[in-house]
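J.:
Protein chains: 2
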Amino acid sequence: MAMRIVRSITSMRALAERWRRTRARVGLVPTMGALHAGHLALVAAARRASDRVVVSVFVNPSQFGPREDFARYPRTPAADARLLRRAGVDALFLPAVAAMDPPGGATVVEVGGSLTRGLCAPFRPGHFRGVATVVARLFAIIRPHAAWFGRKDAQQAAVLGRMARDLHFGIAVHTVPTVREPDGLARSSRNRALLPAQRAAAPVLHEALALAAAAVRGGARTRGAVLGPARRRLARVPGLRVQYLDLVDAATLAPASRPAGRLLLAAAIHLGRTRLIDNRAVRAPR
Amino acid sequence: MAMRIVRSITSMRALAERWRRTRARVGLVPTMGALHAGHLALVAAARRASDRVVVSVFVNPSQFGPREDFARYPRTPAADARLLRRAGVDALFLPAVAAMDPPGGATVVEVGGSLTRGLCAPFRPGHFRGVATVVARLFAIIRPHAAWFGRKDAQQAAVLGRMARDLHFGIAVHTVPTVREPDGLARSSRNRALLPAQRAAAPVLHEALALAAAAVRGGARTRGAVLGPARRRLARVPGLRVQYLDLVDAATLAPASRPAGRLLLAAAIHLGRTRLIDNRAVRAPR
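Going down the list, the protein sequences come from chains L and A. To convert, note that position 267 of the first sequence is 267 in the working numbering; the numbers rise steadily by one, no gaps. Just remember that the working numbering sits 1000 ahead of the position in the second sequence, which is counted from 1.
Printed below as a string of C-alpha cells:
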C-alpha cells in the first residue's frame, strides 16, 4: 500500500484510530527529518514489531535554544519521503509548527530528577522540556503501541521512557543501537554541516569514548583514570571544544563517582559551529 | 449492565480500548469521591453525551499542599459506588496511589501563563501542576472522547481545557453549572467538614459574589466599586477569613483592571479549618 502523507493533526488521529480499531499494532518513529541510516534502523525495528508504522518529521522549535541551530537544521523533505516510502512506512506525519504549537499554548511536560540534571541538560536549558512536550503531543495524537528512539541520544531516550511510564501512556519506548559510519562517527543529521577537515577529525569522539570504555573494562578505579586518557585524546584535535565528557550511571544518568555496575560514557563536542554528541554503554568488572 | 469497578490501570486501559473499538463514545468524570449532587450533574451530562461513562475516584496526593487537608479529605467509597451505580455509570475507576504515582516518577504536566498566576494558584503552590498531571494520566489511560468538570472549580476547568488542547489529546473538556444548596451554598465535598455555625454562615460566600455581580451589571466602573460591597459583606461574618476575592477576565483569568466584557468573580474563604471557594460569571454592560 502507498505511504500516506498526513499533515493535519485531526487526520493523523483519525487514521491511527481506524488502525487501532482493526487491532493493528501501531509503531511510531518520531524524527526531525534529514533522515539517514540511523533513522532507517529505527524504522526497520518499528516495522518488525508493528502492523502499521508512522514516522513523524517535525523540527520542533521548542527544543532548540535561542542560540542554537533551529534555522539551519537540515531539511530534506523530498529525500525523507523517498527513503520512508522505500522502507515500507505506512504514514509520514508532517504537522505544521502553527498546528502543533499554536500561540496561546501554555502547557509543558517536564521530566525532573537525575535524568535531566547532567550531560546535555545544563548546556541546553529547556531542551528536554521541549522534547518531552512534543513527544507527549505525538503520543496523544497517534496513540502508538510503541515508539523507537536512537541510542545516540541516550539521555533523550531515557527521558522519554520515563515520561511515557509516568504519564501512563501505555506506550513502550524502545531504543536501537547507534548506526555509525565506517570510521566510527555516529550517524547524525548534523554531520552534514561539518567541513571536510572537521569531518575528518570527527571520529575522535567515538575513539575517545572507546578509550574510556577500555579503561573501565581494564579495571580503572577512578573517574580520572577513566576519563583522563579520553580527555587528552580530544584535547589533541585543533579546533575541537569539549562541552562535556562524563561517566554516569546507565539507569539514573547521575555522575558515577567511581566505575561500578552499568555505566554510560557520554560526551558532547563542538567542531566549529557544529555540536556532536555520542555515548557508549560499558559495564565495570566486578 | 452492571457497573464495573476497575482498580488496575491496565484493565481500565483495556476496557476503554474495547469500547473505542466498537465506536462507543467514552465520557470521563474525574473526581476525588465523597460524591454529591454536583458530581451527579457531571455524570448526568456525561451520560447524555456518551455511550459509556467512566467515573474515576482518586484522592490525588500531589494536588494537596503539605499543610492541606489530604489526610482528612472525606472518603465515602461505599456511598460513592451506590450513587454511581444508580446514575448508570459503566465503570468506576479506583486506581491506587502507588500505581498512579509510583516512587521514581519524575514527570509533571504544567500549565503556565495567566491561568495559573492568580486566584487559587498563589495560595496553593503546586496544586494545578498536581491536577494537570493526574488528569493527563487519566486521559492517557482512558482516552475518553470528552471529560466533564464543575464550574465551581472554574480555574481548574480552564487549566484542564488548556492542557487538553495544548497536548492535543483530542478530548473535549466540558463544564457543568455549579449545583447549590437551597440557601445558595455551592455543593462541595468539603461542606461536610463545616460545624453547624460555620454551615449557617457559609452562604455568605455566594451572597457576596451575587452583590459583586449586581454591581457589575449595575454599571460599576472600578474594581473597588465591584468588590468593596462584597468584601464588606464577608467582613461582617465572625470567624471568616477571606483568602482572595477577585474580578478577572473570564477567558484569561487575569485580573480585570476595570469591569469590561466577560468576567469572573471568584473568591476563597476559610471558615475555621475549612476552605471554601465559589465563583460567578458576569458580563459587564456596554
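Glycine residues also receive a C-beta, built at the ideal position from the N, C-alpha and C atoms.
#1: Would you please verify whether the beta carbon of F1169 of chain A is less than 8 Å from any beta carbon of chain L?
#2: The alpha helix (DSSP H) with R1082 of chain A in it runs from where to where?
#3: From the DSSP secondary-structure annotation, give me the bridge partner or partners of N191 of chain L.
#4: Rounded to the nearest angstrom, how far is the Cβ of A1250 of chain A from that of L1264 of chain A, given a contact under 8 Å?
#5: Which residue or residues does DSSP assign as beta-bridge partners of R1262 of chain A?
#6: Looking at the secondary structure, which residues open and close the beta strand (DSSP E) in which R1004 of chain A lies?
#7: For L160 of chain L, count the other beta carbons within 10 Å of its own beta carbon; 16 or more makes it buried, fewer makes it exposed. Which is it?
#8: Can you find at least 3 beta carbon pairs, one from the segment 29-45 of chain L and one from the segment 80-91 of chain L, that sit closer than 8 Å?
#9: I think A1254 of chain A touches G1118 of chain A, with their Cβ atoms under 8 Å apart; what is that distance to the nearest whole Å?
#10: Closer than 8 Å, Cβ to any Cβ of chain A: which residues of the segment 19-30 of chain L, in chain order?
#11: In chain A, which residues lie with their C-beta within 7 Å of the C-beta of L287 of chain L?
#12: Considering only residues of the segment 1013-1077 of chain A, which uninterrupted beta strand (DSSP E) runs meet the minimum length of 3 residues and lie entirely inside it, listed in chain order?
#13: Beta-carbon of I1009 of chain A versus every beta-carbon of chain L: anything under 8 Å?
#14: Using only alpha-carbon positions, find the residue among L:L247, L:P238, L:D101 that is nearest to G224 of chain L.
#15: Helix or strand or just coil, what does DSSP make of A1172 of chain A?
#16: Of all Cβ atoms in chain L, is any one closer than 8 Å to the Cβ of A1140 of chain A?
#17: Beta carbons nearer than 7 Å to chain A: which residues of the segment 159-189 of chain L have them?
#18: Once you ignore the five residues that flank R1180 of chain A on each side, which residues in its own chain have a CB closer than 8 Å to its CB?
#19: Quick one: what's got a C-beta closer than 8 Å to A1 of chain L's C-beta in the same chain, skipping five residues either side?
#20: Determine whether the beta carbon atoms of R1231 of chain A and L1245 of chain A lie at a separation below 8 Å.
#21: Say whether the segment 1163-1182 of chain A touches the segment 1089-1108 of chain A, bearing in mind that this needs 3 or more beta-carbon pairs closer than 8 Å, one atom from each stretch.
#22: Looking only at C-alpha atoms, which of L:R273, L:L227, L:A256 sits nearest to S114 of chain L?
#23: Bridge partners for G1150 of chain A per DSSP, in chain order?
#24: Hey, which unbroken runs of the alpha helix (DSSP H) at 4 residues or more fall wholly within the segment 1110-1156 of chain A?
T.: Let me lay it out:
#1: Stepping through the second sequence from its first residue, residue 1169 of chain A is reached at position 169. True, the Cβ-Cβ gap to chain L drops below 8 Å.
#2: As a position in the second sequence, residue 1082 of chain A is number 82, starting the count at 1. Element bounds for R1082 of chain A: 1077-1086.
#3: Indexing the first sequence from 1 puts residue 191 of chain L at position 191. According to DSSP, which records beta bridges pairwise, N191 of chain L is partnered with nothing at all.
#4: In the second sequence, counting from the first residue as 1, residue 1250 of chain A sits at position 250. In the second sequence, counting from the first residue as 1, residue 1264 of chain A sits at position 264. Confirmed, about 5 Å.
#5: On the second sequence, position 262 is the one that residue 1262 of chain A refers to. Partner(s): A:R1283.
#6: As a working mapping, residue 1004 of chain A is identified with position 4 in the second sequence. Segment 1004-1006, the beta strand (DSSP E) holding R1004 of chain A.
#7: Start at 1 with the first residue of the first sequence, and residue 160 of chain L comes out as number 160. The residue in question, L160 of chain L, is buried, as its Cβ has 16 or more Cβ neighbours within 10 Å.
#8: yes
#9: Taking the second sequence and counting its residues from 1, the one referred to as residue 1254 of chain A is at position 254. Taking the second sequence and counting its residues from 1, the one referred to as residue 1118 of chain A is at position 118. That belief holds up - the Cβ atoms of A1254 of chain A and G1118 of chain A are roughly 7 Å apart, short of 8 Å.
#10: R20, R21, R23
#11: This structure cannot settle anything about residue 287 of chain L, because the visible part of chain L is limited to 1 through 286.
#12: 1026-1031, 1052-1057
#13: As a working mapping, residue 1009 of chain A is identified with position 9 in the second sequence. Output row for I1009 of chain A: interface = yes.
#14: Here residue 224 of chain L is taken as the residue at index 224 of the first sequence, counted from 1. Residue L:L247 is the option with its Cα nearest to G224 of chain L.
#15: Position 172 of the second sequence, counted from the start, is the residue given in the question as residue 1172 of chain A. Strand.
#16: Walking along the second sequence from the start, residue 1140 of chain A turns up at place 140. Yes, A1140 of chain A counts as interfacial toward chain L.
#17: Those would be R162, M163, D166, L167, H168, F169, G170, in chain order.
#18: One-based indexing of the second sequence puts residue 1180 of chain A at position 180. These residues qualify, in order along the chain: A1186, R1187, H1206.
#19: Stepping through the first sequence from its first residue, residue 1 of chain L is reached at position 1. Before going on, a small fix: residue 1 of chain L reads as Met here, not Ala. Cβ neighbours of M1 of chain L beyond the five flanking positions: D90.
#20: Here the question's residue 1231 of chain A lines up with position 231 in the second sequence. Here the question's residue 1245 of chain A lines up with position 245 in the second sequence. For R1231 of chain A and L1245 of chain A, yes; Cβs fall inside 8 Å.
#21: no
#22: To locate residue 114 of chain L, count along the first sequence from 1; it is residue 114. Answer by Cα proximity: L:A256.
#23: By one-based count along the second sequence, residue 1150 of chain A stands at place 150. DSSP output for G1150 of chain A lists A:V1176 as bridge partner(s).
#24: 1127-1142
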